[in-house]
Every structure is written in C-alpha cells, then in structure tokens.
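>
Chains as they are written, first to last, in the numbering used here: chain G, 20 to 120; chain E, 133 to 686.
1. To the nearest whole angstrom, what separates the beta carbons of residue 344 of chain E and residue 313 of chain E, a pair I think is in contact under 8 Å?
2. Considering only the beta carbon of each residue, do residue 29 of chain G and residue 71 of chain G sit closer than 8 Å?
3. According to DSSP, which residues form a beta bridge with residue 224 of chain E?
4. Taking only three categories from DSSP, how would you classify residue 204 of chain E?
5. DSSP on residue 672 of chain E, reduced to helix/strand/coil?
6. Are the Cβ atoms of residue 184 of chain E and residue 80 of chain G separated by less than 8 Å?
7. If contacts are defined as beta-carbon pairs under 8 Å, then residue 238 of chain E and residue 226 of chain E qualify, I think. What distance do you get, rounded to the angstrom?
8. Using 8 Å as the limit for Cβ to Cβ distance, is residue 452 of chain E near chain G?
9. Using 10 angstroms around the beta-carbon of residue 162 of chain E, count the other beta-carbons present and answer buried if the total reaches 16, otherwise exposed.
10. Within the 8 Å Cβ cut-off, does residue 250 of chain E reach chain B?
11. Under 8 Å, with one C-beta from each stretch per pair, do the segment 189-199 of chain E and the segment 549-567 of chain E reach the 3-pair mark?
12. Note down, in chain order, each residue of its chain lying with its Cβ closer than 8 Å to the Cβ of residue 149 of chain E, except the 5 sequence neighbours on either side.
13. Taking C-beta to C-beta, are residue 295 of chain E and residue 253 of chain E nearer than 8 Å?
14. Going by DSSP, which residues form a beta bridge with residue 94 of chain G?
15. Whole angstroms is fine: what's the gap from residue 538 of chain E's alpha carbon to residue 660 of chain E's?
16. Could you tell me which of E:250, E:306, E:249 sits nearest to residue 263 of chain E, measuring between CA atoms?
17. Taking residue 647 of chain E as part of the alpha helix (DSSP H), name the residues at either end of that continuous run.
18. Please list the partners that residue 547 of chain E has in chain G, where partner means a Cβ-to-Cβ separation under 8 Å.
19. In whole angstroms, what separates the C-alpha of residue 438 of chain E from that of residue 396 of chain E?
20. Specify, as a first and last residue, the run of the beta strand (DSSP E) that residue 349 of chain E falls within.
21. Go ahead and label residue 408 of chain E buried or exposed: buried means 16 or more other beta carbons lie within 10 angstroms of its beta carbon, across all protein chains shown.
22. Ignoring anything shorter than 3 residues, give me the beta strand (DSSP E) runs that lie fully in the segment 500-559 of chain E, in order along the chain.
23. Taking just the CA atoms, how far does residue 347 of chain E sit from residue 615 of chain E?
24. Tell me whether the segment 560-577 of chain E and the segment 493-504 of chain E touch, counting them as touching only if at least three CB pairs, one residue from each stretch, are closer than 8 Å.
25. Could you check what DSSP says for residue 463 of chain E in three-state terms: helix, strand or coil?
26. With 16 other CB atoms within 10 Å as the buried threshold, where does residue 477 of chain E fall?
27. Using three-state DSSP, classify residue 391 of chain E as helix, strand or coil.
28. With distances taken between CB atoms, is the gap from residue 677 of chain E to residue 645 of chain E smaller than 8 Å?
29. Closer than 6 Å by C-beta to residue 383 of chain E: which residues in its own chain qualify, once you throw out the five before and the five after it? Chain order, please.
30. Nearest chain G C-beta to residue 621 of chain E closer than 8 Å, yes or no?
31. Less than 8 Å between CB atoms is the rule here; does residue 571 of chain E satisfy it with respect to chain G?
32. Closest Cβ-Cβ distance between residue 476 of chain E and chain G: below 8 Å?
33. Is residue 487 of chain E helix, strand or coil by DSSP?
34. So which residues on chain G does residue 165 of chain E lean against when the C-beta distance must stay under 7 Å?
35. Taking contact to mean 3 or more Cβ pairs, one atom from each stretch, closer than 8 Å, check whether the segment 106-115 of chain G and the segment 173-183 of chain E are in contact.
36. Chain E beta carbons: is any one of them nearer than 8 Å to that of residue 51 of chain G?
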C-alpha cells in the first residue's frame with residue numbers, strides 16, 4: 020500500500036546565491052520557511068513542483084520536503100531540513116546569521 | 133616546487149575562459165542545469181546544502197607561501213573568511229556565489245592553481261605523502277612522479293568519462309602516510325636489485341564497500357610507470373561497470389574479476405601501449421625533477437632549540453608531539469595542528485593561512501604541505517628556528533600539541549554542509565576533542581586516530597580509524613556506529629563494527645568508555661590503542677560500550 024501523503028513544502032537552492040529557498044503560495048520565493056506554502060494535497064504538490072522546475076533561471080534542484088504546520092508557519096519534520104533552514108552548527112553562518120541581522 | 137610552463141598557464145587560462153562563458157550561458161538561460169552541472173563539476177563546483185562549494189586541488193599537498201596567501205585572499209574576498217582542508221589534499225570554500233566563481237578561478241590561476249578534475253568521473257587530484265622530500269625514511273621524493281601523473285591525467289581525452297571517479301596516491305617511504313592501500317591506484321617507490329621502481333596496488337577504497345588494495349605488480353621500473361598506470365586505467369575504463377553507480381569503482385571491478393584476471397588484462401594492454409611511450413614522458417619527468425630539488429639547508433647551531441626544550445614545558449610538549457624526524461638531523465618536520473580543541477577539523481581562517489605562509493617564508497624554505505589528516509606541514513625547519521615558529525603559531529592559535537592524539541580527528545563536513553551526508557560529523561569531533569581536553573588525558577592515552585564520516589561515502593576515512601565513527605540517519609534520528617581496529621597505514625586494516633549505534637548524545641560518552649577500557653587493559657604506555665585492540669580483540673571494548681552503559685542506566 021502506498022504511504023499516505025504527508026504535508027510538503029517546495030524547496031530549492033537559488034541559482035545565483037546557492038542558498039535555500041522555498042516556494043510561496045503566490046508563486047514567489049522566500050528564504051524563510053515559515054512563509055512557504057504548506058501543501059497538503061498530493062496532486063497540488065506535483066503541480067507546485069512542476070511550476071518550480073519550470074523556473075531554471077531562478078532555482079536549482081527543486082524538490083518536495085516534508086513539513087508540518089508550526090505556530091508561525093511550516094516547520095521541518097526531519098533534521099536535514101532543519102539544518103537547511105538554519106545553517107551549519109559549527110559557525111553562525113547561513114540563514115541563522117542572515118535573519119539575525 | 134613545480135612551476136607552470138607556458139603550456140600549463142595557457143591551458144588553465146583557456147579552461148577558466150570557457151567556464152566563465154558557461155556560467156554566463158547558465159545565468160542567461162542558454163544552458164539548463166542538466167547541461168551545466170557536468171561542466172561545473174569538471175571545474176570543482178558543487179551545490180551543497182546551504183550554498184555552492186568550490187573544491188580546489190592542492191596537487192600532492194604541496195603549496196608555496198604565495199599560494200597560501202592567495203587562498204586566504206580568496207577566502208576573504210568571495211567566501212566567509214576561512215577554508216576547509218580535506219582528506220584528499222584539497223581546500224574547499226563553502227560559500228561562493230555562482231557569479232563569483234569565475235573570479236575565484238582567475239585568482240587561483242594567478243598563483244598556478246585550479247579546481248579542474250576535483251570532481252566528476254575523472255582522475256582526481258593526485259595525493260602524496262605530506263612528508264615527501266623531508267622524511268628520514270624516504271627512498272625517493274614521490275612528488276615528481278605525482279606531478280607527471282597530474283600532467284598526464286589532466287584533460288586526458290581517454291579518461292574524462294570513466295565509469296566512476298579515480299584516485300591515485302603516491303608514497304616514497306616504507307611507512308605509508310598517504311593511505312595508498314585505500315586508493316584506486318596506490319604507488320610506493322621501492323628498490324630492487326639497485327633499481328628504483330614502484331609497487332603498484334590497485335582496487336583499494338573506502339565508501340560503502342571498503343576494500344584493501346591488492347598488489348598488481350610488485351615492481352614496475354620507474355621509467356615504465358606512466359605506461360603501466362595508463363594500461364590499468366584503460367582496462368578499467370572498458371571493464372568497469374557503468375550499469376550501477378555503486379559498483380562502478382575499480383575496487384568492484386577487481387573484486388568481481390579477481391586480481392589475477394585484471395593483471396592479465398593490464399599486462400596485455402601494457403604490451404600494446406608501452407611501445408607508444410617513446411621517452412617524451414621521461415624527458416618531462418627529468419625537467420619536473422629538477423624543480424623538486426631540495427632547498428640548500430641552513431647550517432647553524434641548535435642550542436636555542438635545546439635550551440628552550442629543556443626549560444619550557446609547553447614547548448617541549450609541542451615538540452614531542454608535533455615534530456617528526458627530518459632527513460637532515462638539524463632540521464625538523466613541523467606539523468601545524470588545525471585541530472585546536474573545539475574547533476572544526478581542517479578549517480583555517482584567512483589570518484591563520486597568512487600566518488602559516490609567513491612562517492614558511494621566514495623559516496620553511498617557502499614550502500607548506502597539506503596532509504590527508506587535515507593538518508598543515510612545514511616540511512623543513514631548522515631546529516634553531518623552532519622556538520620562533522612555535523611562538524608565532526601560538527599567536528595564531530595554531531600551536532595545539534595533539535598530532536596523532538585523540539583530538540587530532542579527521543572529520544568530513546557532514547550534514548553541516550554536505551548534501552550527501554546523513555548525519556553531522558563536525559560537532560561530534562568538537563565534543564570529543566573538548567571532552568578529552570577537559571580530562572587532560574590525551575598525552576597519557578597516546579597515539580589514537582579517531583575518524584568520523586557523516587555518511588557511508590567515508591570521506592572522513594572512518595573505516596581506517598583506530599576508532600571509526602559513521603553517522604547515519606536511523607528513522608529520522610542522527611545515529612553513530614562505531615568501528616574498531618582500522619588502520620590506513622602500511623598495516624592496512626578495515627575496522628570492525630562494534631554493534632548497535634549510539635545517538636548524538638550517547639556517542640561522546642561511548643568513546644570515553646572505549647578509551648577508559650583501553651587504559652585499563654593496556655600493558656603499558658607503549659602499547660597503543662590499536663596494538664591493544666589487536667591483542668585483546670573486540671570483547672573488552674564491546675563490554676565497555678554496551679554492558680557498562682546498561683549497568684549505568686540500571
């Protein structure tokens with residue numbers, strides 16, 4: 020039996036900067052996962068992924084990442100996505116530093 | 133050191149021009165990512181977890197002060213002010229932007245460096261013993277041969293699309309500091325009947341299917357080296373599996389066909405191609421060798437060293453731990469630790485790079501090395517200069533006296549940076565180093581190599597750690613498996629798994645229990661962890677890991 024669909028966000032890396040970005044409901048890209056579109060329907064997820072993949076001048080390597088609803092918006096369910104939205108743990112670099120500015 | 137010929141410089145400049153145009157075409161939409169990806173990989177540019185990553189080759193680990201300064205300049209100008217030295221004698225920049233990479237490559241070319249073939253299914257950066265040319269136990273400096281192989285393999289038209297990546301390491305010593313048994317081809321300079329040649333080992337590797345390389349030829353005369361390895365790569369290129377990425381390395385080819393079958397095929401191919409090597413390579417080798425002549429070693433009294441050694445406990449500890457015997461009795465090989473307790477293994481800041489460059493200029497005949505153990509070496513320092521070198525290293529926070537000890541850990545970037553990783557490596561290394569620093573035990577523990585990888589691809593060489601740690605994702609939780617008894621030197625051995633893994637919280641106490649068990653069971657300070665493990669076997673260590681943990685929990 021196929022696994023039941025779990026909520027997703029569309030994520031990718033920015034072509035020029037290389038950093039982690041998320042697709043928003045209004046077809047924009049955000050660097051803050053909380054602003055991403057949380058997708059709860061499997062067919063809609065595929066459509067959103069196709070949309071992301073049709074933007075090769077903006078994004079690289081788009082995929083669907085598991086997420087769930089948090090207090091302020093989508094949050095990751097797996098530690099890999101948690102590192103992607105935060106940055107490395109050995110230096111205060113990446114997203115954690117940018118959002119602190 | 134080797135200096136680029138006009139041909140080399142023109143070649144690198146042309147490649148950089150091509151790559152600049154490729155980046156422009158990617159940014160204006162003329163190239164898709166599928167088209168661009170193999171092009172960027174050929175030039176060492178990956179896309180990792182948080183950013184692009186540029187991997188720059190440091191051929192056979194040898195680098196000048198000027199080159200090291202330029203690496204610092206690149207780190208400050210286009211990255212976040214540091215670089216990460218890797219187990220394959222490369223440096224990685226973790227934060228470049230795509231549009232800046234052509235500039236970075238031009239800056240590298242200014243100092244005769246590049247990132248070509250640091251990725252892709254090609255012959256990668258040729259690595260060598262980091263003590264080459266300086267070690268007391270050396271038959272011959274392996275670097276001229278490594279340079280010859282580098283020139284031969286760079287853009288070699290037959291070998292740009294091998295079944296999988298291909299790694300060559302060269303050593304000139306009996307004692308293996310280049311992990312040659314775990315490379316696709318490992319070369320060791322040997323002498324036989326007054327002749328110099330190579331023992332050729334093939335089919336070693338780590339990763340998901342670790343294998344110890346097998347001797348395919350115990351003596352290839354040095355003038356036939358290139359023809360012989362071309363025969364090996366040529367056989368592999370046709371025979372290696374392209375149907376399954378995980379079975380595509382030559383270690384699997386050798387394993388599936390058997391070393392005798394491979395040897396026969398290589399001999400047949402060698403018989404065909406050897407006559408086509410008409411001596412041009414030997415002429416080039418001659419010219420290369422003249423560029424690796426040893427410096428004219430300084431002659432001076434060593435009293436300054438002797439008295440500092442006598443009177444300064446900290447200096448003595450550093451000297452005892454971080455110096456290695458040099459071929460000239462009045463010189464030492466200095467290993468600079470990039471493993472300060474709690475720091476990221478293999479990372480150096482731009483300031484630290486400049487400090488090391490300055491020391492190389494002032495006291496080290498303008499030469500530095502990068503080791504596969506992620507440290508930096510000043511290969512030739514006169515003993516009278518060691519106090520000044522030590523003081524400057526202390527100033528730059530580079531004087532940690534821990535080479536070969538429990539905190540001198542190899543760690544891959546792991547899930548803090550790497551898109552392939554299944555768990556983090558760096559924080560585990562930091563915590564282990566900090567813990568043993570707190571315990572003030574590491575000099576008592578003695579020689580012990582811990583190596584950590586954040587996935588089964590084993591960039592952190594965990595299979596050959598005396599204690600190996602492999603980070604995995606088990607049901608969405610970082611989990612760490614331990615192996616014991618690995619050895620990446622001439623005693624080549626793969627570690628054996630102890631049993632179930634440990635969580636991120638449990639792994640450091642588990643390592644501490646292992647080390648305590650060793651201290652309890654060893655016959656004396658002269659019996660290293662590895663020797664004790666070989667004598668005792670797995671049982672006492674397993675008991676310490678699992679039974680003691682249960683007793684504590686109860």
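By construction, the Cβ of each residue, glycine as well, lies at the ideal position given by its N, Cα and C atoms. Just so it is clear, the structure is predicted and the values come from calculations on it, not from any experiment.
Here's the rundown:
1. 5 Å
2. yes
3. In DSSP, residue 224 of chain E forms a bridge with E:187, E:216.
4. Residue state, collapsed to three classes: helix.
5. helix
6. no
7. The Cβ separation is near 20 Å, so there is no contact.
8. no
9. exposed
10. Checking the listed chains, one finds no chain B in this structure; the protein chains it contains are G and E.
11. no
12. Scanning its chain for C-beta atoms nearer than 8 Å, with the 5 sequence neighbours on each side dropped, one finds no residue around residue 149 of chain E.
13. Between residue 295 of chain E and residue 253 of chain E, the gap from beta carbon to beta carbon is short of 8 Å.
14. G:87
15. 12 Å
16. Ranking E:250, E:306, E:249 by Cα distance to residue 263 of chain E puts E:306 first.
17. 636-653
18. 98, 99, 102
19. 56 Å
20. 346-353
21. exposed
22. 500-502, 508-514
23. 26 Å
24. no
25. strand
26. buried
27. helix
28. yes
29. 335, 337, 343
30. No - not a single Cβ of chain G is within 8 Å of the one on residue 621 of chain E.
31. Chain G has no Cβ within less than 8 Å of the Cβ of residue 571 of chain E.
32. yes
33. helix
34. 75, 79
35. yes
36. no
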